[in-house]
Every structure is written in C-alpha cells, then in structure tokens.
Amino acid sequence: MRKPCCDKQGTNKGAWSKQEDQKLIDYIRTHGEGCWRSISEAAGLHRCGKSCRLRWINYLRPDIKRGNFAQDEEELIIKLHALLGNRWALIAGRLPGRTDNEVKNYWNSHIKRKLVKMGIDPNNHKLNQYPIGPQTQHVVPPRNVACKLRVSSTDNDGVSDAASYLKDETLAAGESNLDLDLSIAVPSSPIKNIEENQKKTDPTLLLFR
DNA sequence: AAATAGTCCAACCGCTATCGG
DNA sequence: TCCGATAGCGGTTGGACTATT
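By this note's numbering, the letter at position 138 of the first sequence is numbered 544, and the numbering carries on one by one without gaps.
Set out below in structure tokens:
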C-alpha cells in the first residue's frame, strides 16, 4: 500500500484562502503548469501537488466558465453520458470551460434527479418500469438500447475510440461550437450503427427532440 | 425564530495509468 | 523489465447555504 501523498506534517488541507489562490495564480502565470509537486513548493504553498492541481483545474484556470449550465450543455452531457458513461473528463472535454468535477457535480445534483423523475434510469438511460412523476407519458416504451452503446468498463479501447471519434467530429465542426448532433458519418462504422440505433430509441434523447 | 431536511459544490481519497531512471 | 514517483481520474465526503416545517 502506497503512502498517501498528502500526509506530510504541516500540509494544509481544506478550503483555499485568497492568499493561497493568488500565490498559485501568480506562480503559474509566471512559470506555467508543470510538475505539481514542485509548483506547490516553489510557490510557497503548504499544499500537496494534487491539491494545487485540483484547485487550478477546477477553480483558478482563467478559461473556466462558471455559472449555470445552458440547456444545450445539459443535452450534450446527457448524450455524451449515454455514449461514454461516467467518463467525466472526456465529457468535460467536450464542454468548453467546464471541468470534470463541475460536470460530475451537475450530473449528480441535477440531471440524474431529472432523469429519475422522468422515469429514466440515469445509469443506463433506459426507462424504468415504474416511472416517477407526471412527465412520463411523453416517453416511448422501454427498450434495451442505451446499454448496447455502453462500452464495458474494462473495454477502454472502445471508449477511447468513441471519444477520439467525437474529437475528430468537433474539430471538423469548430471547437467552440456545441455540436449537439453527435451522429457519425462513417459508413460501416459500428459506432455509427450504435449512434443511429440510439437516436431512434434512446429515451433520454427523445425527450429533447 | 429555531430546528430540521435538502441541495450544492469544493475538496479529499484511493485507484490506475504513465513516465523516467 | 522493473520499480518508484507523479499525474490524472472518478467516487465520496463534509460543510455552507437554502428551503421547509
């Protein structure tokens, strides 16, 4: 069992002070990102490197978009989650200015609950047999569809393939745009078939049509 | 006004992947 | 090839805040 990286005596934990934030910002502005452990020491922060990295990535980075998620962002998260599962970093990578932590929190606190209310299982995007809430009459009969899309957790190649495919798609479309149509145009691609299948039948996607 | 419940989100923890010696 | 250090990721927690009773 490896030692935890943050068990040093004298290492700060908990909420960051404004002074600590400023030290980290100043240091990264001057020297750029690099080895987080050395950044922490060089910036005079009594924090572990991990903590510095997290603080920078999730809060201090200048390109972070803060505030509520737009409807199109929410739709994109749902689509990507149906495709990629809990790969928050990959999903966040498709949402400019959003972090994996933010997407994960938003999923757990908003979207998940919303889907449950609609009678959709947020884990596999399938309709539950006994939906909760009044909106369930809009959805189609349950079909085992989204699960076909999910790549098994051990099949990392499949996931990364899907992700890289998505990346190519967006690059072609322009990085700043939220390309909500994630259909894939390569003939004979198994992913395309999955996507098309999903388009036809995934209840979570039907809700946004 | 106080107590309690619910919600949100920043931060931590533990694990795996990757890299360099 | 092996091993240790580090980065990165996803799950979880805890505290602050808000709503409800």
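Yeah, the Cβ is synthetic: ideal placement off N, Cα and C, and Gly gets one too.
- For GLY455, the uninterrupted alpha helix (DSSP H) run begins and ends at 455 to 461, by DSSP.
- Per DSSP, the unbroken alpha helix (DSSP H) holding HIS487 starts and ends at 477 to 490.
- Contact check between the region 447 to 456 and the region 467 to 476: fewer than three CB pairs, one atom from each, fall below 8 Å, which does not count as touching.
- Listed in chain order, the beta strand (DSSP E) elements of length 3 or more contained wholly in the region 497 to 524 amount to none.
- With respect to the C-alpha of LEU430, the residue from CYS441, LYS419, ASN418 and LEU466 having the closest C-alpha is LEU466.
- Distance from the CA of GLN425 to the CA of ASN474, rounded to the nearest whole angstrom, comes to 27 Å.
- A straight-line Cα-Cα distance of about 11 Å links GLU480 and ILE497.
- The Cβ atoms of SER457 and ASN511 lie no closer than 9 Å to each other.
- Spanning the alpha carbons of LEU490 and ILE483 requires a straight line of approximately 10 Å.
- Going by DSSP, LEU430 is part of the alpha helix (DSSP H) stretching over 424 to 437.
- For SER446 and LEU460, the gap between their C-alpha atoms comes out near 12 Å.
- Around the beta carbon of ALA421, fewer than 16 other beta carbons lie within 10 angstroms, which makes this residue exposed.
- Straight across, the Cα-Cα distance linking LYS532 with ILE526 is about 6 Å.
- DSSP places ILE470 in no alpha helix (DSSP H); its state is neither H nor E.
- Residues of the same chain with a CB within less than 6 Å of the CB of ASN507, apart from the 5 flanking positions on each side, are ASN464 in chain order.
- The beta carbon of SER423 sits closer than 8 Å to no other beta carbon from its chain once the five residues preceding and following it are set aside.
- Ranked by how close their Cα comes to the Cα of ARG435, the residues GLN477, HIS487 and TRP462 have TRP462 in first place.
- Excluding residues up to 5 positions away in sequence, ASP469, ILE470 and LYS471 lie with their Cβ nearer than 7 Å to the Cβ of GLY503 in the same chain.
- Relative to the Cα of ASN514, the nearest Cα in the group TRP494, ARG500, LEU501 and GLY499 belongs to TRP494.
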